[in-house]
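Visitor: One structure, as structure tokens, below. Some questions next.
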Amino acid sequence: MSFSGHNLTCIRGERVVFRDLGFSVEPGNALLLRGPNGSGKSTLLRLAAGFLKPEQGHLTYTHSDGSEDRDVETFREHIHYVGHLDPVKPAFTVFENLEFWSGFEGNPDPKSGAEEALDRMALTHIADVPGRYLSAGQRRRLNIARIAAAKKPVWLLDEPSVSLDDASVALLAKLIADHRAEGGMVIAATHIDLGFESSETLVLAPAQMPEYAL
Amino acid sequence: MNRFFSLVRRDVSLAFRQGSASTMVVMFFVLTVTLFPLGVGPEANILQRISSGVLWVAAMLASMLSLDRLFQADFEDGSLDLLTLGSLPLEVTVLAKCLAHWLTTGLPLIIIAPVLGVLLHLEPSGFVTLMITMLLGTPTLSLIGAIGAALTVGVRRGGVLLSLLVIPLYIPVLIFGVGAIDAAIGGLTERPHLLVLGAMLLGSVALCPWAAAAALKLNLE
Amino acid sequence: MQTLHKFANPARFVRMSSALLPWMAGLSAVLIVVGLYLGFFVAPADYQQGESMRIMFVHVPSAWMSMFIYSGMAIASATGLIWKHPVADLMAKASAPVGAGFTFATLASGSLWGQPMWGTWWVWDARLTSYLILFFLYIGYMALWEAFDDPQRAGKAAAILALVGAVNVPIIKFSVDWWNTLHQPASVMKMDGPAIHASMLVPLLTMALGFTAFYIAVVIVRTQREIMARKVRTLRMAQVNQ
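This is how it looks when you write it as structure tokens:
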């Protein structure tokens, strides 16, 4: 099982975000994306999740049985993505929010999946609070609990620690460590230390000058 | 299939909890219809003549009212990203959202329509056909509307643009919806109209989710 | 290399279309003048409608063009979506205002034609109503282009709309015809009869060809301008990112 990208070139609008980029993660490993603002960390994560199509290059997902899959549409369901937005419905309670995502993202038993994930992100005491009353940090914790509520091998995390306090960052680090211990793969763009020992780092160059015209 | 229904259930319960969206749609329908007697005068024969058309036009506008939120809310809080990431094909996700939209707007309109028919002196022979045409027609409106909603999901002032895009595409449903009621009232057979409405519904189920999904993918890039 | 090839296309388009432009512009001027002359002075007046039927020589070719351009837009949109041809979206965009213009000309000339016949400026006749709806489709298409900041995204969204519209146009046409037969048809503009005399057909076809050449010329100019605008934007982006 592994997840990799080869010769990826991405053009956004009329700008080359990156070209000929490759990456690879093995089970239990984490890949850390570093680089200045606008260097394409978020773009690479969205591309890896299949929201964007690369101009050139391809993604490869190797299933646990060894078969290679190059069609992102078929292996997207194995990917958890945490972006800048927290998908929390104001009208639903914390538990209802989590229960929906747990089931939708493939947990056969959404209820207990949600309960366990709440526990892991220390949200159990506010399980019955509607989403509209949550602070930014609580919403983010709920979003992170979401990826713990359904098992998927690949985690793509875009600045997951934004608006988290130290205690919550520790919970997140523990979650990531446990995921890796179970053979999960993580690609994360982050500025702070999340306890990524033995992980590889991919440094993205600052925005390249656009190099073509029509 | 489980995911399909869990998504429908989520959207329906969200619609009910968030300021009772259905009540607003029904109120809009009632108010719009009320404007016509005030605008054209209370003479029963005039109202009777225009009742089928007024009911259908008002129902069309009412079902369009909540369309701009169909994908917008999920787009704004990042849910839409994750809905496309799941194992459910995006076309099926769109279908689920259309079904939820119809359950929360189309269905209440159908239930209230006969009452408004009474207010407009609709001929008694037209009531059953009114219900059938709305049952066949309003899901088509939700499906066609989904294309407009998907195209304008990331757009400033998308709501106005949405109506501009969608109204011309609604016209066939309007024509056959009203045509069936008028045929039934006039003692003619309404069957061909209903068959065309049914065909349009089937065509929309087959084609609209596909177009809307393409538009959504583009707006998530 | 694939990327290079993709962006080499617009330059080739500009080169080839620039060579074509003067020919199309000249051809359209000549054909329209000849067509108008034939229609207004050579073709016989109608025995029922008199001189007023001569507006047909503007109305009917305009109506043909309205449909023709919408189909062209749909084909260009499909090309843009499927083969990601960068000029196709721009051509569709360039076509829309021309198509809307011809549709408006159809409506205006139809209204002028109808006035002496029906004694009123507007009648909900099947053809006029269909073209009114077609006009709305054009307006919606143009509005969608304007709504996006990113021209590439705008192009794709508009392409999807054009294709949805193209599927719907026959359905709308069918519904409006149906609706019209239910509500007493007003049938002044019967152009579909097989017995169109050659003296009428020749100016009609001349006008249609003239309009087509005009359309091609305008699309060339407008597409070239779009390509230039895109170049300027790219250069501006380069400045921002330096």
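Protein chains in written order, with the working numbering: chain A, 55 to 268; chain W, 123 to 343; chain E, 802 to 1043.
Glycine included, C-beta positions come from ideal geometry on N, C-alpha and C.
#1: With a cut-off of 8 Å on the beta carbons, I'd call L189(W) and G267(W) a contact; round off their distance for me.
#2: I want to verify the contact list: residues of chain A whose CB lies under 7 Å from the CB of C139(W), in sequence order.
#3: Let me see if you follow: with CB-CB separation under 8 Å, is N160(A) close to chain W or not?
#4: Beta carbons nearer than 8 Å to chain W: which residues of the stretch 947–970 of chain E have them?
#5: Tell me where the beta strand (DSSP E) around I180(A) begins and ends.
#6: DSSP on G208(W), reduced to helix/strand/coil?
#7: Restricting to Cα atoms, I'd like to know which of S209(W), H315(W), G175(W) and Q194(W) is closest to L342(W).
#8: Out of G308(W), T311(W), G280(W) and L319(W), point me to the one whose CA is closest to F975(E)'s CA.
#9: Between W923(E) and G200(W), what straight-line distance do the alpha-carbon atoms span, to the nearest angstrom?
#10: Comparing alpha-carbon positions, which option in D125(A), W209(A) and A203(A) lies nearest F149(A)?
#11: In the DSSP output, which residue or residues are listed as bridge partners for D926(E)?
#12: Using C-beta distances below 6 Å, list every residue in its chain close to P230(W), excluding the 5 sequence neighbours before and after it, in chain order.
#13: What residues in the stretch 104–135 of chain A bring their beta carbon closer than 7 Å to a beta carbon of chain W?
#14: Below 6 Å CB to CB, which residues in the same chain sit around G966(E) once its five sequence neighbours on both sides are set aside?
#15: Less than 8 Å separating the beta-carbons of H134(A) and L210(A)?
#16: Strictly under 8 Å for the Cβ-Cβ distance: is V216(A) near chain W by that measure?
#17: Go to E254(A), then tell me how far its beta strand (DSSP E) extends in each direction, as first and last residue.
#18: How long is the line joining the alpha carbons of I856(E) and N981(E), rounded to whole angstroms?
#19: Distance check for C330(W) and T255(W), CA to CA, integer angstroms please.
#20: Under 9 Å between beta-carbons, which chain A residues line up against D203(W)? List them in chain order, please.
#21: Determine the contact status of L962(E) and A875(E), defining contact as a CB-CB distance below 8 Å.
#22: How would you label V216(W), buried or exposed, when you count the other beta carbons within 10 angstroms and need 16 or more for buried?
#23: Measure the alpha-carbon distance for A271(W) versus L192(W) and round it to whole angstroms.
#24: Show which residues of chain W have a CB atom less than 7 Å away from the CB atom of G249(A).
#25: Checking the sheet assignment: what are the DSSP bridge partners for A243(A)?
#26: Could you tell me whether the Cβ atoms of I940(E) and A901(E) are closer together than 8 Å?
#27: How about G325(W) and H315(W): are their beta carbons less than 8 Å apart?
#28: Going by DSSP, which residues form a beta bridge with H134(A)?
#29: Hey, quick one: how far does the beta strand (DSSP E) through I269(W) stretch, first residue to last?
#30: CB-CB under 6 Å to L244(W), same chain, minus the five flanking residues each way: which ones, in chain order?
#31: Could you give the distance in angstroms between the alpha-carbon of L1005(E) and the alpha-carbon of G836(E)?
Guide: Checking against the coordinates, here is how it stands:
#1: 4 Å
#2: The question names Cys, but residue 139(W) in the sequence shown is Arg. Within 7 Å Cβ-Cβ: A145.
#3: Before going on, a small fix: residue 160(A) reads as Gly here, not Asn. So, interface residue.
#4: A948, F949, R954, K957, A958, I961, L962, L964, V965, G966, V968 and N969
#5: Unbroken run through I180(A): none, as it is neither H nor E.
#6: coil
#7: Q194(W)
#8: L319(W)
#9: 49 Å
#10: A203(A)
#11: Partner(s): none; D926(E) has no beta bridge.
#12: S144 and V148
#13: F105, L106, R130, E131, I133 and Y135
#14: L938
#15: yes
#16: no
#17: E254 to V257
#18: 23 Å
#19: 20 Å
#20: R100, A103, F105, Y135, G137, L139 and P141
#21: no
#22: buried
#23: 7 Å
#24: Under the 7 Å cutoff, chain W gives no residues; its nearest Cβ is about 26 Å from G249(A).
#25: L87(A) and D212(A)
#26: yes
#27: no
#28: W209(A)
#29: No beta strand (DSSP E) contains I269(W), which is instead part of the alpha helix (DSSP H) from F249 to L273.
#30: S173
#31: 7 Å
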